[in-house]
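Going by this note's numbering, the letters in the sequence shown line up with residues 331 to 576, in that order.
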Amino acid sequence: MSAASTASRIHTQLWQADQLGHATVAAHPSGFAELDPQLPGGGWPLGMLTELIARNPGVGELRLLIPVLRQLTLERKVVIMLAPPLVPYAPALAGFGIDLDYLLIIQAPNAADRLWAVEQTLKSTSFGALLAWLPQDRTRPEHLRRMQLAAQTSHGPVFLFRELPAQFESSPAPLRLLLLPRPEQRLAVQVLKRRGPLLTDPILLQLPQPPLALRLRMGSSTPADRPVRQPLQGIQGRSAPTPLLS
Numbered sequence: 331m332s333a334a335s336t337a338s339r340i341h342t343q344l345w346q347a348d349q350l351g352h353a354t355v356a357a358h359p360s361g362f363a364e365l366d367p368q369l370p371g372g373g374w375p376l377g378m379l380t381e382l383i384a385r386n387p388g389v390g391e392l393r394l395l396i397p398v399l400r401q402l403t404l405e406r407k408v409v410i411m412l413a414p415p416l417v418p419y420a421p422a423l424a425g426f427g428i429d430l431d432y433l434l435i436i437q438a439p440n441a442a443d444r445l446w447a448v449e450q451t452l453k454s455t456s457f458g459a460l461l462a463w464l465p466q467d468r469t470r471p472e473h474l475r476r477m478q479l480a481a482q483t484s485h486g487p488v489f490l491f492r493e494l495p496a497q498f499e500s501s502p503a504p505l506r507l508l509l510l511p512r513p514e515q516r517l518a519v520q521v522l523k524r525r526g527p528l529l530t531d532p533i534l535l536q537l538p539q540p541p542l543a544l545r546l547r548m549g550s551s552t553p554a555d556r557p558v559r560q561p562l563q564g565i566q567g568r569s570a571p572t573p574l575l576s
């Protein structure tokens, strides 16, 4: 191989600080036309960590991921939720078109087990997407470095949900987003870190809405973001290694 061709190949694998790494990052479309152009690869990156940081659960973080989760389960790929604060409401997820047969919820009894389970799941690579809620007071930079290293062998998006103080901490995650709820079922997404130029203005998204019948039944316009203490009905065939929240 000539020096010129080698240099050309290396150049295509690099990203510059003033350019998004669309050509070098494999990604799955987010389902939001306003968001994809601002994400490296034009969607949720594969084989690397994406941190979703919010003040508390229920700001719209699950509805932000509804389009990608729906598509993955339609492709019969398993979506793993690891240690969610509460079990999401199954009828709401099904109402959004998510196939519950391909949704697996795993509970970890303590912070150390949770961090261990995230790493082991990433090493397995046998998932369509991983959603993991990290313990704020026990997550260390070395944990995140190991997770990022393990994620590089995976073939799906990896989402780490973190609490608000995490925005001020350093992280090896290539993509870090701050989620801020807004009126009228909207979500402001502030890009804290990405492979590319700094983005100062938040991206305002209109979150997907569940069917009207389900909203009337729940008495709320955002049932998918309101976890309830009830196990999912569609995953009996994929029992979690520890009991679901009840």
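Every residue gets a Cβ at the ideal spot worked out from N, C-alpha and C, and that includes glycine.
Problem set entry | Whole-Å CB distance - L433 paired with T403, under 8 Å assumed | Indeed, because the Cβ distance is near 7 Å, the residues count as touching under 8 Å.
Exercise. CB L379 to CB A503, shorter than 8 Å?
Worked result: Yes.
Exercise. Tell me the DSSP bridge mates of P375?
Worked result: Beta-bridge pairing links P375 to A357.
Exercise. On the three-state DSSP scale, how would you describe R400?
Worked result: Looking at R400 - three-state DSSP - the assignment turns out to be helix.
Exercise. With A424 and L430 assumed to form a contact (beta carbons below 8 Å), what rounded beta-carbon distance in angstroms separates them?
Worked result: Under the criterion of beta carbons closer than 8 Å, A424 and L430 qualify as touching, at roughly 6 Å.
Problem set entry | Entirely enclosed alpha helix (DSSP H) segments - the stretch 445-533, minimum 4 residues | Listed in chain order, they are 471-481.
For this session: Taking L509 and I396 to be in contact with their CB atoms under 8 Å, please state how far apart those CB atoms are, rounded to whole angstroms.
Result: In this structure L509 does not touch I396 by the C-beta definition: roughly 14 Å separates them, more than the 8 Å allowed.
Problem set entry | Length of the line joining the Cα atoms of L529 and P414 | Going from the Cα of L529 to the Cα of P414 covers about 29 Å.
Exercise. Is L412 helix, strand or coil by DSSP?
Worked result: Annotated three-state conformation of L412 is strand, per DSSP.
Exercise. If you draw a straight line from the C-alpha of F457 to the C-alpha of V409, how long is it?
Worked result: So the alpha carbons of these two residues sit roughly 6 Å apart.
Problem set entry | Cβ-based burial, L445 [other Cβ within 10 Å; buried from 16] | So L445 ends up on the buried side.
Exercise. Can you give the beta carbon distance from Q466 to R506, rounded, assuming they're within the 8 Å contact cut?
Worked result: Wrong, their Cβ atoms sit about 15 Å apart, outside the cutoff.
Exercise. Leaving out the 5 sequence neighbours to the left and right, which residues in its chain are closer than 7 Å to E449 when beta-carbon positions are compared?
Worked result: For E449, same chain residues with a beta-carbon under 7 Å away, outside a window of 5 residues either side, are R476, M477 and A480 in chain order.
For this session: Out of G427, L412 and L474, point me to the one whose CA is closest to E405's CA.
Result: When only C-alpha atoms are compared, the closest one is G427.
For this session: Name the residue from W463, Q539 and L494 whose alpha carbon lies nearest to the alpha carbon of E514.
Result: For the residues W463, Q539 and L494, the minimum Cα distance to E514 belongs to Q539.
For this session: Express the C-alpha separation of A420 and P553 in angstroms, rounding to a whole number.
Result: Confidence in P553 is poor, its pLDDT being 47 and thus under 50, which makes the residue's placement unreliable; the coordinate value appears in the next sentence. Using only the alpha carbons, I get a separation of about 10 Å.
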